[in-house]
């Protein structure tokens, strides 16, 4: 997984931060100050498909070869989150109670091609 | 997209940066609200004071530590959060009391829980924290009643009753988990607690309480999965 930066246009993780103060949510979200949302962008050539988590696998190499030689059978490949983590929030609910929770899978940590 | 033209999710032309930013912010807002099961952002009219919040958090932390020690688990074990990301979302809730009707020997406290934590919520643990100001030396008996609305009328009925003996000023805790679960199962979101002292004891409760001694309920809850649906 790589972070976007250069001009390669390949699948990468784009950092994106939502500042709760900037969007006027700081009055009900006590912590944190913002949300490191992040997202995936970029192209996924066929030979990169299936790489996340299986890059060193013999089977993946075979699969990539098949895909490269037979595009119709391979289908399309997407640049998607491959690793995510929860967002911890401390906030006021509608009854002014204070709630802490961990929302699963909210922060994109890594991207890869399907 | 037609087959062979690339993935629909990433094969489209990117919008201009300002539009893209607006879209992402809208997406972030929608995502957070939906995961918190909130139809809209809460409008907060009354913030809990910093002192109240800090005291409540300290009390909670102290009790968790006591539990951890009594269970003989290492102090640094995280006993509150087990598995975020397993499709089950857990909550910790601090609900501060609203004052209800009171007399010289009787005080009612009302704790209201948001409807998002209604019938589909499993209460893992709920503790009522009360700060007592003993009026003088000696022991002071206190009756604590958990009340629930009477389905046949406007009155309240007693769901459970406990007797406490207060020896000195300080915090006392009561397990209200089963009562809260029962209320949620009935589709109710309010817990009413009645405190009663003998006639000649005066009211040791709430009189002159500062914000930081305000009664509260600390609850741990878990969103139940819908019936018939299992997530792997």
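Residue numbers (the numbering used here), protein chains in the order written: chain A, 3 to 116; chain B, 1223 to 1454.
The beta-carbon is built from N, C-alpha and C at its ideal position, and this holds for glycine as well.
What's the gap between the Cα of residue i and the Cα of residue j?
i                      : j                      : result
residue 96 (chain A)   : residue 39 (chain A)   : 24 Å
residue 1421 (chain B) : residue 1331 (chain B) : 19 Å
residue 1289 (chain B) : residue 1348 (chain B) : Its pLDDT being 48, under 50, residue 1289 (chain B) is placed unreliably by the model, and nothing is read from it.
residue 1378 (chain B) : residue 113 (chain A)  : 56 Å
residue 108 (chain A)  : residue 46 (chain A)   : 23 Å
residue 1240 (chain B) : residue 1260 (chain B) : 27 Å
residue 1263 (chain B) : residue 1256 (chain B) : 10 Å
residue 1393 (chain B) : residue 100 (chain A)  : 20 Å
residue 83 (chain A)   : residue 1410 (chain B) : 39 Å
residue 1238 (chain B) : residue 1252 (chain B) : 21 Å
residue 1380 (chain B) : residue 1401 (chain B) : 11 Å
residue 1336 (chain B) : residue 1312 (chain B) : 15 Å
residue 13 (chain A)   : residue 1254 (chain B) : 25 Å
residue 11 (chain A)   : residue 1444 (chain B) : 42 Å
residue 1294 (chain B) : residue 1417 (chain B) : Because residue 1294 (chain B) sits at a pLDDT of 35, beneath the cut-off of 50, its placement in the model cannot be relied upon, and the following sentence gives the value as read from the coordinates. If you take the alpha carbons of residue 1294 (chain B) and residue 1417 (chain B), they lie about 34 Å apart.
Which residue wins for smallest C-alpha separation from residue i, given the options the options?
i                      : options                           : result
residue 29 (chain A)   : B:1260, B:1266, B:1254 and B:1360 : B:1266
residue 1281 (chain B) : B:1256, B:1253, B:1364 and B:1353 : B:1353
residue 1435 (chain B) : B:1413, B:1336, B:1315 and B:1395 : B:1395
residue 1398 (chain B) : B:1363, B:1346 and B:1408         : B:1346
residue 88 (chain A)   : A:94, A:79 and A:102              : A:102
residue 34 (chain A)   : A:12, A:5, A:94 and A:6           : A:94
residue 18 (chain A)   : A:12, A:90, A:27 and A:43         : A:43
residue 1439 (chain B) : B:1278, B:1249, B:1273 and B:1247 : B:1278
residue 106 (chain A)  : B:1412, B:1418, B:1310 and B:1403 : B:1310
residue 98 (chain A)   : A:32, A:85 and A:110              : A:32
Kindly indicate the opening and closing residues of the beta strand (DSSP E) around residue i.
i                      : result
residue 22 (chain A)   : Where residue 22 (chain A) is concerned, there is no enclosing beta strand (DSSP E), given that its DSSP letter is neither H nor E.
residue 111 (chain A)  : 100-115
residue 33 (chain A)   : 31-33
residue 88 (chain A)   : 81-94
residue 43 (chain A)   : 41-43
residue 1386 (chain B) : 1378-1388
residue 1328 (chain B) : 1328-1334
residue 1319 (chain B) : Run containing residue 1319 (chain B): none; DSSP gives neither H nor E here.
residue 1416 (chain B) : 1412-1418
residue 1445 (chain B) : 1438-1445
Along the alpha helix (DSSP H) that carries residue i, what are the first and last residues, could you check?
i                      : result
residue 1342 (chain B) : It is not in any alpha helix (DSSP H) - residue 1342 (chain B) carries neither H nor E in the DSSP assignment.
residue 1406 (chain B) : 1399-1407
residue 1248 (chain B) : 1239-1257
Return the Cβ separation of residue i and residue j in integer angstroms, given the expectation that the two are a contact with Cβ distance under 8 Å.
i                      : j                      : result
residue 1405 (chain B) : residue 1442 (chain B) : Not confirmed; about 16 Å, so no contact.
* Asked: Counting pairs of beta carbons, one from the stretch 1361-1370 of chain B and one from the stretch 1316-1323 of chain B, are three or more of them closer than 8 Å?
  -> No, the stretch 1361-1370 of chain B does not touch the stretch 1316-1323 of chain B.
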